[in-house]
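Colleague: Questions regarding the structure given below will be posed in turn.
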Amino acid sequence: MTTVAIDPAREAPCNAAPRAPCNPAPVAPFHAMAISRAAHRLSVEGRPVFHMEFGQPSTGAPPRAIAAAHARLDSEAGGYWESPALRERIAALYRDRHGLAIDADRILLTCGASPALALAIAGLFCPGDRIAFVRPGYVAYRNAVAALGRVPVEIGADATTRYQIDARHIEALDEAPAGLIVASPANPTGSMIDAAGLAALAATAARRGVRIIADEIYHGLDYGAPAHSMLEFDPDAIVINSFSKYWSMPGWRLGWIVAPPGTADHLRAYVGSLYLTPPTLSQHAALVAMDETDVLEGYRETYRRNRAHLLDTLPQLGLGRIAPPDGAFYIWADVGDYTRDSMAFCQKLLAETGVAIAPGIDFDPVEGHHFVRFSFAVSEDRAQAAMVRFGDWLGRQARPYAKNTRRSTPS
Ligand SMILES: Cc1ncc(COP(=O)(O)O)c(C=O)c1O
Numbered sequence: 001m002t003t004v005a006i007d008p009a010r011e012a013p014c015n016a017a018p019r020a021p022c023n024p025a026p027v028a029p030f031h032a033m034a035i036s037r038a039a040h041r042l043s044v045e046g047r048p049v050f051h052m053e054f055g056q057p058s059t060g061a062p063p064r065a066i067a068a069a070h071a072r073l074d075s076e077a078g079g080y081w082e083s084p085a086l087r088e089r090i091a092a093l094y095r096d097r098h099g100l101a102i103d104a105d106r107i108l109l110t111c112g113a114s115p116a117l118a119l120a121i122a123g124l125f126c127p128g129d130r131i132a133f134v135r136p137g138y139v140a141y142r143n144a145v146a147a148l149g150r151v152p153v154e155i156g157a158d159a160t161t162r163y164q165i166d167a168r169h170i171e172a173l174d175e176a177p178a179g180l181i182v183a184s185p186a187n188p189t190g191s192m193i194d195a196a197g198l199a200a201l202a203a204t205a206a207r208r209g210v211r212i213i214a215d216e217i218y219h220g221l222d223y224g225a226p227a228h229s230m231l232e233f234d235p236d237a238i239v240i241n242s243f244s245k246y247w248s249m250p251g252w253r254l255g256w257i258v259a260p261p262g263t264a265d266h267l268r269a270y271v272g273s274l275y276l277t278p279p280t281l282s283q284h285a286a287l288v289a290m291d292e293t294d295v296l297e298g299y300r301e302t303y304r305r306n307r308a309h310l311l312d313t314l315p316q317l318g319l320g321r322i323a324p325p326d327g328a329f330y331i332w333a334d335v336g337d338y339t340r341d342s343m344a345f346c347q348k349l350l351a352e353t354g355v356a357i358a359p360g361i362d363f364d365p366v367e368g369h370h371f372v373r374f375s376f377a378v379s380e381d382r383a384q385a386a387m388v389r390f391g392d393w394l395g396r397q398a399r400p401y402a403k404n405t406r407r408s409t410p411s
């Protein structure tokens, strides 16, 4: 039997040579999921559990958004659909937050930032392209780039650059990558890049021919100066965002991508073949959620208070080496006095206290063995109760790697 392969580049049939067997790119598991599964098992046994392992708001969508979804469910069939009103409303967000005029046609709705990232990588980069991002960074960057046959390039950063990429990192690369993923605020650190830093990155990337993917999923969740969009500095940046964080709708699976000028139709063709449209109900709810400012700012105030509480408490417990959490809802803390195995540390903590946090190895395979990430997107009561348990527990742990075994507050 002869098979005819279609070469998508030429859209003409070609007689491709039979493909050699290959091993799909290995994708590392998200270890926080194992922690979460163990935490759920404890709940089933009736043990109190404090979920700080995932970056997901515990609040749920704004009540009026939920009511809108109920009403739609009762009144319409809900077919394949991309909401023009929602795309216009998202375009208005760029006008209001950043003073940018973005044509709504450039906004493509996705099933969250995760598919938006996959769409950007698959649709705007070629197999074998090198795509860089900072380490520590969100686990899916490394995995999605590798899974899609592009080459991950990790750029290690530390406290000297607030765990962020800066223009000097890009200058220092002998071979410029095809792409660079930038997140500000970032996961797992919450640290942000200011306007000057973003402008310098954009200029260096443009000069070296590097296309930027800006993951702006934590926009809206900042606790000092507001976040800038990469589009203010690089009008060709690929921007991804989502309703999962600020709008507190992770389970509704809705996000978007701002396609660089001239690429929207090309990307829309990918959307049509990869997932058609995001859930209709979620689009109706999100349109309402976008105007629920009082509710959403209330959520942010809770995170602000939790952040202050953790920033106060953790150093008192001896965990003072903390990344500056300018935004998002995370604290990235160095637990190196206690462990060189962050997964074992998190498993023991969970088993003995019910407090679930994420091991650093999810975000940094090199240094993450002595870091953990706390997610404070929980109620104030839960955050405070979790810190009491954590503190009592930590006080009973040995510090085999501490330079100074006296308990103190490192700077
Ligand atoms: C930095 C970052 N980008 C993207 C995502 C994916 O979010 P979603 O697919 O829910 O929109 C997450 C989720 O935690 C994240 O932290």
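In the UniProt record's numbering, the protein residues as written are 1 to 411.
Where a beta carbon is used, it is the ideal one built from N, C-alpha and C, also for glycine.
#1: Mind checking whether residue 255 and residue 112 have CB atoms under 8 Å apart?
#2: Over the uninterrupted alpha helix (DSSP H) stretch that includes residue 51, give me the two end residues.
#3: The beta strand (DSSP E) with residue 270 in it runs from where to where?
#4: On the DSSP bridge assignment, give the partners of residue 133 in chain order.
#5: CA-CA distance, residue 419 and residue 147?
#6: Candidates 294, 350, 195 and 249: which alpha carbon is nearest residue 225's?
#7: Which residues in the same chain have their Cβ closer than 6 Å to the Cβ of residue 65, if we skip the five residues on either side of it in sequence?
#8: If we require 4 or more residues per run, which alpha helix (DSSP H) segments fall completely within the stretch 296-382?
#9: Are the CB atoms of residue 337 and residue 399 within a distance shorter than 8 Å?
#10: Pull up the distance between the alpha-carbon of residue 30 and that of residue 139, whole angstroms please.
#11: So which of 273, 278, 359 and 346 has the shortest CA-CA distance to residue 137?
#12: Please state whether DSSP places residue 211 in a helix, a strand or coil.
#13: Taking the straight line between their C-alpha atoms, what separation do you get for residue 163 and residue 229?
#14: Are there three or more Cβ pairs, one per stretch, closer than 8 Å when the stretch 115-124 is compared with the stretch 267-274?
#15: Are the stretch 258-271 and the stretch 180-199 in contact at 8 Å, needing three or more beta carbon pairs?
#16: With DSSP collapsed to three states, give me the class of residue 392.
Modeller: Well, looking at it:
#1: Numbered from its first residue, the sequence shown carries residue 255 at position 255. Numbered from its first residue, the sequence shown carries residue 112 at position 112. Yes, the Cβ-Cβ distance between residue 255 and residue 112 is below 8 Å.
#2: The residue you call residue 51 lines up with position 51 of the sequence shown. First-last for residue 51: 50-52, but that is the beta strand (DSSP E), not the alpha helix (DSSP H).
#3: By one-based count along the sequence shown, residue 270 stands at place 270. Residue 270 -> not in any beta strand (DSSP E); alpha helix (DSSP H) instead, spanning 264-274.
#4: Counting from 1 along the sequence shown, the entry for residue 133 is found at position 133. According to DSSP, residue 133 bridges with 154.
#5: Residue 419 cannot be examined here, being either before or after the span of the chain that is shown, 1 to 411.
#6: Walking along the sequence shown from the start, residue 225 turns up at place 225. With distances taken between Cα atoms, residue 225 lies closest to 195.
#7: The residue given as residue 65 occupies position 65 in the sequence shown. 285, 288 and 289.
#8: 342-353
#9: Counting from 1 along the sequence shown, the entry for residue 399 is found at position 399. Counting from 1 along the sequence shown, the entry for residue 337 is found at position 337. Yes, the Cβ-Cβ distance between residue 399 and residue 337 is below 8 Å.
#10: Sequence index remark: in the sequence shown, residue 30 carries index 30 (1-based). Sequence index remark: in the sequence shown, residue 139 carries index 139 (1-based). The straight-line gap from Cα to Cα measures roughly 7 Å.
#11: By one-based count along the sequence shown, residue 137 stands at place 137. Residue 137 has its Cα closest to that of 359, out of 273, 278, 359 and 346.
#12: Within the sequence shown, numbered from 1, the residue matching residue 211 stands at position 211. Correct three-state label for residue 211: strand.
#13: Sequence index remark: in the sequence shown, residue 163 carries index 163 (1-based). Sequence index remark: in the sequence shown, residue 229 carries index 229 (1-based). Roughly 19 Å between the two C-alpha positions.
#14: yes
#15: no
#16: Along the sequence shown, one-based indexing puts residue 392 at 392. Residue 392 falls in the helix class under three-state DSSP.
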